[in-house]
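Asks:
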Ligand SMILES: O=P(O)(O)OC[C@H]1O[C@H](O[C@H]2O[C@H](CO)[C@@H](O)[C@H](O)[C@H]2O)[C@H](O)[C@@H](O)[C@@H]1O
């Protein structure tokens, strides 16, 4: 998959948008020529390697961090949640820098309600944070108007593509939070969203694929169409 993404990035500006923290995503992907939007798009940085599509920024310059003021409070809540979750076997708190994930995939189902109540009890003292639910995970985020859709819009604008009708953005994702980005493309009436899902789901994406391995096809189509036109 890395080679395919590298191939796409040689021809088109390419970004990874994730709920995880940016550093962790980079440690998985290890491609310096990409844009990375971690923390559900609240931490965006451009390529660190010379690429055809790099914006004219200083090396290592962060492009967008709309939730910087929340860093101390997220840190504080991370400590409180980590302490609270110690009594629940299998619970895990992941620090995603501008947001936190409380994973309960490995927690006994009988404990899920209690875990939810404990997380909510901690958040009662932090009205500027909100709680969302993902796949066996509760996510704590700053209550700001910013999600993966905003990150996508930010990237398109920064690249000078916002008003262009000859640009065709493609966004691929498998998470509920990717719907915000699919909606952006749907509202723009431009480009396509591709949802990766084993089961039929309501979605704002235009297409779906059943599993991550199928993502190779659209990526190679991008590379080869570009090469052979
Ligand atoms: O935005 P994404 O890159 O799609 O990330 C969404 C969440 O991914 C991770 O959680 C997912 O994988 C876990 C196993 O590694 C699994 O237990 C969980 O159910 C999945 O949602 C990540 O740990 C979360 O922080 C991300 O929000």
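Residue numbers (our numbering): 18 to 246. Think of the CB as a built atom: it goes at the ideal place given N, C-alpha and C, for glycine as much as any other residue. The structure displayed is predicted, hence computed values, not measured ones.
1) Closest Cβ-Cβ distance between residue 54 and chain B: below 8 Å?
2) Taking the C-alpha atoms as reference points, what is the distance between residue 87 and residue 62?
3) Return helix, strand or coil for residue 212, following the three-state DSSP convention.
4) Taking the alpha carbon of residue 132 as the point to measure from, which residue in 19, 108, 152 has its own alpha carbon closest?
5) Would you mind reading off the limits of the alpha helix (DSSP H) that contains residue 204?
6) Would you please state the rounded distance, in angstroms, between the beta carbons of residue 65 and residue 49? I believe it to be under 8 Å.
7) Does residue 246 come out as helix, strand or coil in the three-state DSSP assignment?
8) Would you call residue 246 buried or exposed, if buried means 16 or more other Cβ atoms sit within 10 Å of its Cβ?
9) Is the region 150-164 touching the region 84-104 in the sense that three or more CB pairs, one from each, lie closer than 8 Å?
10) Contact between the region 94-110 and the region 134-141: three or more CB pairs below 8 Å?
11) Please classify residue 59: does DSSP put it in a helix, a strand, or coil?
12) Spell out a yes or no on whether the region 111-126 and the region 32-41 are touching, meaning 3 or more CB-CB pairs, one atom from each, closer than 8 Å.
Replies: Taking the geometry as given:
1) Absent from the structure: chain B. Only one protein chain is present.
2) C-alpha separation (whole angstroms): 18 Å.
3) Residue state, collapsed to three classes: strand.
4) Taking the Cα of residue 132 as reference, the smallest distance to any Cα among 19, 108, 152 is reached at 108.
5) It spans 196-205 - the alpha helix (DSSP H) in which residue 204 sits, taken as one unbroken run.
6) 5 Å between Cβ atoms; contact.
7) Low confidence applies to residue 246: its pLDDT is 46, below 50, so where it sits in the model is not reliable, and the reading given next is rough at best. Reduced to three states, the DSSP call for residue 246 is coil.
8) Because residue 246 carries a pLDDT of 46, less than 50, the predicted location of this residue cannot be relied on, and no value is offered for it.
9) Taking 8 Å as the limit for Cβ pairs, the verdict is that the region 150-164 does touch the region 84-104.
10) Segments in contact, yes.
11) Coil.
12) The count of Cβ pairs closer than 8 Å, one atom from the region 111-126 and one from the region 32-41, reaches three, so the stretches are in contact.
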